[in-house]
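Trainee:
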Amino acid sequence: MGATTKIGLIAIAVTVIGGGGVAFVQAQDGSAAAAAQAAPAGKSTGTNFGMGAGIQPIAFPHDIHAQTNRIDCAYCHFSAERSVDAGIPPVSTCMGCHAPGKVNVQSEAGQAEIAKLQEIWANGETIPWVRIHKVADHVKYPHMRHIQAGLDCTQCHGQIQEMGVLQEPDPTWGNGKMGWCISCHVENDVSRDCTVCHY
Amino acid sequence: MSEGIKRRDFLKVVGVGGVGAGLTGCSTEGAEKLLPYVVPPEDVTPGVATWYTSTCGGCSAGCGLWVRTREGRVVKLEGNPSHPVSGGALCQRGHASLQALYAPDRHTRPMRRVDGELQPISWDDAEALLAERIAGAAGNVLMINGAMGPSMTDLVDQFLASVGGSRIEWEGLAEAPLREATRIAWGRDVVPRYDFESSDFILSFGADFIETWVSPVEYQRAFARAAGVNGAGEKAEFVFIGPRLNLTGQNADEWVPIPVGSEAAVALGIASVIAGRRGNAGPYASVLQAYSPEAAASAAGIEAATIRELADRFQNSASVAVGPGVAGQHRNATAANLAVHILNAVAGNVGTRVRLVANAQSAAARPYGEVEGAIRSMASGGVGVVMVHGTNPVHGLPPASGFVDAFAGVPFKVSFAREPDETSAMADLILPDRHFLESWGDASPRPGLFSLQQPAMEAVPHFDTKQTGDVLLSVATRAGSPVGPATTHEHLRARWQQLHGNSGSNLDFEAWWRAALKRGSVELPIPATEAAVALRQPDVALTFDSPSLDGDGEFALVVYPSSRFGDGKHANSAWMQELPDPVSKIAWHGWVEIHPNAAERIGVGKGDVVAVASPHGSVNLPVFTYPGIREDTVAIQMGMGREQSGRYANGNGVNAMTLLPAEAEQPSGGLVHLATRVSVVPTGEVYRLATIEGSDSQSERGIAPAIHLGALGHAAEGGEEDHAEHGLEEMQLLGGFGAVEVEGDAADWPLPDTDRGDYGDPATPRWAMAIDLDKCTGCSACIVACQSENNVAFVGEDQLRMGRDLAWIRLERYYETVDASHAGPLDVRHLPMLCQHCNNAPCEPVCPVVAAYHTPDGLNGQVYNRCVGTRYCANNCPYKVRVFNWYSYADVPEPLNWQYNPDVTIRNTGIMEKCSFCVQRIREVQNRVAVEGRTVADGEVVPACQQSCPAEAIVFGNIRDASSRVATLARNERTYRVLDELINTQPAVHYLKKVTLHEVEDGAHQGASQNEPADR
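Line by line, the protein sequences give chains A and B. Its first residue numbered 538, the first sequence is counted upward by one per residue in my numbering. Its first residue numbered 137, the second sequence is counted upward by one per residue in my numbering.
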């Protein structure tokens, strides 16, 4: 093996592991923690599309954040440029703005939602967001390659900045079909090899 | 299929933990939750692995680890390339220790026995109870522990000094006779270090340094570097002397099959020839006089000429000899080790290839001798509280020792076992320890080298555990005699502060400590030792004679350490149970090895169950006929026959220790392992072996050809044998096969002027692999690494027996010449068979749904979500490397599924799978370099098998890059591709022929197979 293997995978040393929410609260792609809370295996609860307000534990308005306040997607979805996963913002990111006495939210409804957030934070808990966007487990979607290729988040996720309630942009989102992915790969003349996404 | 169900709905692929059944291509079905961090850890990026250094606790060798974690969970162990012991590799048991972390059978919480029943108890109450009982024991506290790192040893010693008590160490594979012999020979109380790498003549009198002996990863790497032919056409010669070929022995060039216990005579015979010329035997001159080659040869039943010839070779090369090992631990084992030391001494190897500095951290002095004392003390009521940590004496000691009764009589028995075992089943209080991946510690594999073990994840939340060091510190405080530090971590850092003081480093402690954690180990300057050390007059009386054996059975019984379970420690790992033993290729159950001639004599064959009886016990086992064992010897593996372990180990095989006496070898105090003769009587029952072995014969197929060392460099002159051609002629004569023309090589594919669209793009890499069979030892670490990386499921004994095992790599073992009469050279071929990623793949055109297809970068792709499970591809694969999921084997109990690699799809029922060349690793590197704006460097993509290989036999890379290592190896004169001449499959896997020191005859398999093909 050459000395150059695993560049970037340098073993990182930490002296203390532990504290707050280090392990097991991050649950993506169906980790066991998510498994414990998700629907029983084999029983689909159907699409979340059109479920409207109320399905999320906190009514997070993407429109106010991304449109009105012009916050860049990557401010919260912090790892999209460098990871296969875009990253779900940790509660501490929310609290960066919404700690008591910081950003002044005008609407009463908004204040109620932020009160929920602050309570969750005060209890050291996490927010059980209902997942809206998901590709199947046998599909690998490296976010960083797509961002690097210059794609805008809205090309796959829809006009998020206009959504008060996050919804899957059906039917433009491809209706769950691989052809939609492929058509973009054809247009841009990039690999259509199966094992680019399936392994 | 009804209208409403689409193919992809039907062929669901279920994700980790069984979430999201019925997912279609890109939908959001299933109300899955996303749980973000509350506060993100600094060093975790979701979707990107975080690596930690640590030290493997799988045995006492102290290999450095890189621990791969994803989102806070450990998913894979790899060798730490900057660690002096492991050098980047990891053995099969090291990989398996990851499964122990998530073992579903681990003790879930502290428990106390009340009225014979175990009941949960809180940690607080448990510690208070232990403190109270220790206070009440008035200093009569006994600790029985396994191998521990230096800091933990110090902590336990301080604890015992503080509360009043003593401790003994019991480690089943400790090399006590070797250590004692070193003390006798040179006054150094250590297990020496051997330098195989710079040796060109290696003699083993039985030591299994590729499997379990002292530091197997380090030694295997060194051995493969020496024994693999180098650019100058040189390779070390390896002669194995002993009654049974272990895997290490199978890698030898010559086997001198001497009777059990006669290795001292042979070693002294060789030494006497050399000393006769040099006169350097010192105080042993008179001993050597008694072992003339003739006398030694007659004691060992071999030719005197053999001994003289070995002596010539040993004297005239950079030689090294290693002792009989644990399997050869007989009643005169210290003398036998001393004989090998004398041989090394007269040949002038001491100080060069035999270094008298401590090796692996642990080799307790007088291990069984001390256990005997402890048993007496326990039996006489002298022990008030006994604590057992990291060892399992109830299973590991022969029943004749009386340990069980003595232990049962102790008023208060405490076990720190992580998992249920036979000892903890008797305990009054169980205080489950943490796994080494969850706790702090260190190791000192050799003087000056200190290796850190840090927790790579929070304790697995299914189990309420506490690191034993923390428990002891807390109990000492409660008992009113605090040790000092409050936690193991504090204690460790305090000790390392002393090391920092000795290191001469100009960094402050914090910076030095962080650097040590990042690197995984530190090396401190040590004072120069051993100028020239002369042999000393022995200070104890020793006899070099063959030892006495109990009983008058027909066969001597060899009980040898398992390369999968060690002494039984790793038996409850499904990976280890499912891994075919490298010698017998049997998985899950036990067997007894008998020479085919002996088996015929008593009228049994493979799978016939026999009763093996010694004066101390009797067991029933199926027969495995093995030409690599003497006709007067049978062998049984250690570590099986677990009764109180977990679901994967219980009931598999028998405990070989039940056949042994409980006796300490004198003067070392090691437990005697080779001490009885046994009778072998057929029972009339038949057990169908669970084996992956189709045949031990190549049947002239030229699958694993070899080349004579002398023929190297003359390939163009046609001096090389060609098995394949021979087989082809025969097939053509039979009329079923026409000649094929082999077109181009892997780098040329697809051939010029063929219209293959994307496939012809020269900018696309073409992945290929080279495997050097002259280095491959057959150790099987690659198989377990692959299982760990690729979520390869285990199937269990019954399914494996039906041929449904899912391993992506199969280690073929073919006998060419294995002769227990020393009539010919030894030639056993090992070949890791994995998907060959054929450029002209037979599996691809037969797939009706194009699930098996060729990727532009040269992979034989297998698209799980396309596969409908026709199994045509497996039927058409000439290499038999495609495996089919007959059931949902991947549905494993919590939390074993936490180990699954999130980068690799879990396969469900009805899906065909096979080696993917670790495509997820290729894509990961490609994604990374694309973001970094550069190209993939040669050697940057490392599949799991290559990463793990202790022998450094596997090389992977882009064969289109003519300067890559794999392209260079593909042009080597030893390179061939399996069956390519027959069927023009154009494999991407290139094998380099094994190099033999004997002439390899043209195409001929030396006689018929000595074994019937196994029934699959």
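Glycine included, each C-beta is placed from N, C-alpha and C at the ideal position. Quick caveat: nothing in here was measured; it's all calculated off a predicted structure.
Can you check whether the C-beta of B:G605 is within less than 7 Å of a C-beta belonging to chain A?
Mentor: No, B:G605 does not count as interfacial toward chain A.
Trainee: Contact between the region 896-910 of chain B and the region 684-703 of chain B is defined here as three or more beta-carbon pairs at a separation below 8 Å; is this criterion met?
Mentor: The region 896-910 of chain B vs the region 684-703 of chain B: no contact.
Trainee: In the DSSP output, which residue or residues are listed as bridge partners for B:S575?
Mentor: Answer is none; B:S575 lacks a bridge partner.
Trainee: Using a C-beta to C-beta distance shorter than 8 Å, which residues of chain A count as neighbours of B:S1052?
Mentor: Under the 8 Å cutoff, chain A gives T732 and Y736.
Trainee: When you compare each of B:V546, B:V530, B:H627 and B:D564 to B:D557 by their alpha carbons, which one comes out closest?
Mentor: Per the Cα distances, B:V530.
Trainee: Three or more C-beta pairs closer than 8 Å, one from the region 901-917 of chain B and one from the region 986-998 of chain B: is that the case here?
Mentor: Output reads yes: the region 986-998 of chain B touches the region 901-917 of chain B.
Trainee: Which of helix, strand or coil does DSSP assign to B:A677?
Mentor: Here B:A677 sits in coil by DSSP.
Trainee: If contacts are defined as beta-carbon pairs under 8 Å, then B:C1153 and B:A321 qualify, I think. What distance do you get, rounded to the angstrom?
Mentor: Here chain B comprises residues numbered 137 to 1152, so residue 1153 of chain B is not present and cannot be evaluated.
Trainee: Does the beta carbon of B:L446 sit closer than 7 Å to a beta carbon anywhere in chain A?
Mentor: No, its Cβ sits nowhere closer than 7 Å to a Cβ of chain A.
Trainee: Under the DSSP definition of a beta bridge, which residues are partnered with B:K169?
Mentor: Partner(s): A:V667.
Trainee: With a cut-off of 7 Å, does the C-beta of B:E1135 fall near any C-beta of chain A?
Mentor: No, B:E1135 lies away from the interface with chain A (no Cβ there is under 7 Å from its Cβ).
Trainee: Under 8 Å between beta-carbons, which chain B residues line up against A:V628? List them in chain order, please.
Mentor: In chain order: P172, Y173, V174 and V175.
Trainee: Could you check where the alpha helix (DSSP H) with B:T442 kicks off and where it finishes?
Mentor: From DSSP, the alpha helix (DSSP H) with B:T442 extends over A440 to Q451.
Trainee: Is there a Cβ of chain A sitting closer than 7 Å to that of B:Q1056, yes or no?
Mentor: Chain A, which has a Cβ nearer than 7 Å to the Cβ of B:Q1056, makes this yes.
Trainee: Using the Cα positions of A:A596 and A:Q643, report the straight-line distance between them to the nearest angstrom.
Mentor: Cα to Cα, A:A596 sits roughly 15 Å from A:Q643.
Trainee: Interface residues of chain A around B:Y1000 at Cβ under 9 Å?
Mentor: Simply H675, H735 and Y736.
Trainee: B:M905 by DSSP, collapsed to three states: which one?
Mentor: Strand.
Trainee: Among B:L296, B:Q255 and B:H973, whose alpha-carbon lies nearest the alpha-carbon of B:R612?
Mentor: According to the sequence displayed, residue 612 of chain B carries Ala and not Arg. Residue B:L296 is the option with its Cα nearest to B:A612.
Trainee: Would you kindly work out how many angstroms separate the C-alpha atoms of B:H990 and B:I377, rounded to a whole number?
Mentor: B:H990 and B:I377: Cα-Cα distance of roughly 48 Å.
Trainee: Taking the alpha helix (DSSP H) that B:K654 belongs to, which residues open and close that run?
Mentor: Per DSSP, B:K654 belongs to the alpha helix (DSSP H) from F645 to R655.
Trainee: Would B:N281 pass as a contact of B:E305 if the rule is Cβ separation under 7 Å?
Mentor: Contact: yes.
Trainee: Leaving out five residues on either side along the sequence, give the residues of the same chain with a beta carbon under 8 Å from the beta carbon of B:Q633.
Mentor: Cβ within range, chain order: F645.
Trainee: Taking the alpha-carbon of A:I669 as reference, which of A:I697, A:L688, A:R619 and A:S629 has the nearest alpha-carbon?
Mentor: It is A:I697.
Trainee: Between which two residues does the alpha helix (DSSP H) containing B:I320 stretch?
Mentor: That run of the alpha helix (DSSP H) goes A312 to W322.
Trainee: Let me confirm a value: B:I662 is counted as buried when at least 16 other C-beta atoms fall within 10 Å, else exposed. Which label applies?
Mentor: Flag for B:I662 reads exposed.
Trainee: Cβ closer than 7 Å: which chain C residues qualify as neighbours of B:V1067?
Mentor: Within the model displayed, chain C is absent; protein chains A and B are what it includes.
Trainee: Give me the residue from B:R489, B:A433 and B:A317 with the minimum Cα distance to B:Y355.
Mentor: Closest by alpha carbon: B:R489.
Trainee: Who are the neighbours of B:P992 on chain A, taking C-beta pairs under 7 Å?
Mentor: Under the 7 Å cutoff, chain A gives D730.
Trainee: Just the Cα atoms here: how many angstroms apart are B:G1093 and B:G461?
Mentor: Taking the straight line from one Cα to the other gives about 39 Å.
Trainee: Answer yes or no: do B:R206 and B:P1038 have a C-beta to C-beta separation smaller than 7 Å?
Mentor: For B:R206 and B:P1038, yes; Cβs fall inside 7 Å.
Trainee: Using a Cβ-Cβ cut-off of less than 9 Å, give me the residues of the region 599-624 of chain A that come near chain B, in sequence order.
Mentor: Here the close residues are F615, S616, E618, R619, S620, V621, D622, A623 and G624.
Trainee: Count the other C-beta atoms from every protein chain shown that fall within 10 angstroms of the C-beta of B:Q590, then say buried if there are 16 or more, exposed otherwise.
Mentor: B:Q590 comes out buried.
Trainee: Could you name the residues of chain A that B:V1102 contacts, counting a contact when the two beta carbons are closer than 9 Å?
Mentor: Those within 9 Å of B:V1102 in chain A number zero; the least Cβ separation is about 12 Å.
Trainee: Can you tell me the Cβ-Cβ gap for B:N473 and B:V456, rounded? I've got them flagged as a contact below 8 Å.
Mentor: About 14 Å separates the two Cβ atoms, so there is no contact after all.
Trainee: Residues of chain B with a CB under 9 Å from the CB of A:I595: which are they?
Mentor: Within chain B, no residue comes near A:I595; the closest Cβ sits about 12 Å away, beyond 9 Å.
Trainee: Show which residues of chain B have a CB atom less than 8 Å away from the CB atom of A:E662.
Mentor: Simply V174.
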